[in-house]
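Residue numbers (the numbering used here): 18 to 299. Quick reminder that beta carbons are idealized off the backbone N, C-alpha and C, glycines included.
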């Protein structure tokens, strides 16, 4: 799973030429983005989370959303405060998400106070079923009025949209498409002043490619080395079989039977009682 972030911070200077000498640049009182999830998620950013089908994007996003809503750590990363989270579901459906979130809340083992925060701050928005206000919504210029109205009403701070492919009219690949998409997202943020971060989940369609132009001889050596390493599972005396040692029958009996009687299985140390001589047997 990959995370891509796009900064949406405003220009810090009234000089719109964008040219600063080094002294001026180093002395500028720039405002650092505030972390929403320490070291991972920052206020003012747009995040696209990409992964293959069944890779756990929804599981990851809902768990993160619950942690952000309750103000509790997520994967060991601190959340500075509770956030109002809107989870817009464009593909899973209410039954599936309800079952998942119930299990996640149970596993989070929240206190009564943090559980109350999660329930108050986390909104599930059904954008799957026909007849819902945001059903089959499209993130496109002049097509987001209902979405903006919903986010303003909820005073959303963190918006999670699952997934991007279901909410966009086509592939976002060319620079022009990317710019148009980010312009629409910026318009949504301007319309909803409370929004801090928007997270999109995106399905990675292209499968990883493999080439078969490697050194076949090295592959053969590697496979042979691995087979030698596990040969004992098929032949306990494999080490003797490939060596020049010709053991006598009673020597094999020592290693196969007598040492096991003396507590030497798995090379575990013998207790003082086991170490006492047991011969002669009378």
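Between the beta-carbon of residue 94 and the beta-carbon of residue 56, is there less than 8 Å?
Residue mapping note: residue 94 aligns to position 77 of the chain shown, counting from 1. Residue mapping note: residue 56 aligns to position 39 of the chain shown, counting from 1. Yes, they are a contact pair.
Once DSSP output is grouped into helix, strand and coil, what is the label at residue 82?
For the purposes of this step, residue 82 is taken as the residue at position 65 of the chain shown. Note: residue 82 maps to helix in three-state DSSP.
State the Cα-Cα distance for the pair residue 54 and residue 217, rounded to the nearest angstrom.
Taking the first residue of the chain shown as position 1, residue 54 is located at position 37. Taking the first residue of the chain shown as position 1, residue 217 is located at position 200. The alpha-carbon atoms of residue 54 and residue 217 are separated by roughly 16 Å.
Using DSSP bridges, identify the partner residues of residue 94.
The residue you call residue 94 lines up with position 77 of the chain shown. Paired residues: 91.
Report yes if the CB atom of residue 209 is closer than 8 Å to the CB atom of residue 168, and no otherwise.
Here residue 209 is taken as the residue at index 192 of the chain shown, counted from 1. Here residue 168 is taken as the residue at index 151 of the chain shown, counted from 1. It is a contact, given that the beta carbons lie within the stated cut-off.
Name the residue from 91, 260, 138 whose alpha carbon lies nearest to the alpha carbon of residue 175.
Here the question's residue 175 lines up with position 158 in the chain shown. Nearest C-alpha to residue 175: 138.
Per DSSP, residue 179 forms a beta bridge with which residues?
Within the chain shown, residue 179 is the residue found at index 162, counting from 1. Paired residue(s): 106, 218.
Per-residue DSSP class, three states only, for residue 140
Here residue 140 corresponds to residue number 123 of the chain shown, with the count starting at 1. Reduced to three states, the DSSP call for residue 140 is strand.
Starting from residue 52, trace the beta strand (DSSP E) both ways and give me its first and last residue.
Indexing the chain shown from 1 puts residue 52 at position 35. Run containing residue 52: 52-54, per the beta strand (DSSP E) assignment.
Is residue 66 helix, strand or coil by DSSP?
What you label residue 66 is simply residue 49 of the chain shown in a count that begins at 1. Of the three classes helix, strand and coil, the one that applies to residue 66 here is strand, per DSSP.
Let me know if residue 38 comes out buried or exposed under the rule of 16 or more other beta-carbons within 10 Å of its beta-carbon.
Counted from its first residue, the chain shown places residue 38 at position 21. So residue 38 counts as exposed.
Please state if the CB of residue 118 and the CB of residue 79 are separated by a distance shorter than 8 Å.
For the purposes of this step, residue 79 is identified with residue 62 of the chain shown, where counting begins at 1. For the purposes of this step, residue 118 is identified with residue 101 of the chain shown, where counting begins at 1. A contact, by the Cβ cut-off of 8 Å.
Is it buried or exposed for residue 46, if we count other Cβ within 10 angstroms and need 16 for buried?
Taking the chain shown and counting its residues from 1, the one referred to as residue 46 is at position 29. So residue 46 counts as exposed.
Under 6 Å Cβ to Cβ from residue 131, same chain only, skipping five residues before and after it: list those, please.
Against the chain shown, residue 131 aligns to sequence position 114. Once the five neighbours on either side are set aside, the close Cβ partners of residue 131 are 87, 89.
Counting C-beta neighbours from all protein chains within 10 Å, is the total for residue 254 16 or more, i.e. buried, or is it exposed?
Within the chain shown, the letter at position 237 stands for residue 254. The residue is exposed, with fewer than 16 neighbouring Cβ atoms inside 10 Å.
What does DSSP give as the partner residues of residue 265 in its beta bridges?
Sequence index remark: in the chain shown, residue 265 carries index 248 (1-based). Answer by DSSP bridge pairing: none, since residue 265 is not bridged.
Three-way DSSP call (helix, strand, coil) for residue 151 in this model
Residue 151 sits at position 134 when you count from the first residue of the chain shown. Note: residue 151 maps to coil in three-state DSSP.
Buried or exposed: residue 265, going by 16 or more other Cβ atoms within 10 Å of its Cβ?
As a working mapping, residue 265 is identified with position 248 in the chain shown. Result: exposed.
Local conformation of residue 58 per DSSP, three classes:
Indexing the chain shown from 1 puts residue 58 at position 41. Residue 58 falls in the strand class under three-state DSSP.
If we count the other Cβ atoms within 10 Å of its Cβ and call it buried at 16 or more, is residue 245 buried or exposed?
Along the chain shown, one-based indexing puts residue 245 at 228. Flag for residue 245 reads exposed.
Nearest residue (CA-CA) to residue 63, options 202, 134, 69:
What you label residue 63 is simply residue 46 of the chain shown in a count that begins at 1. Per the Cα distances, 202.
Specify the secondary structure class of residue 49 as computed by DSSP and reduced to three states.
Within the chain shown, the letter at position 32 stands for residue 49. Here residue 49 sits in coil by DSSP.
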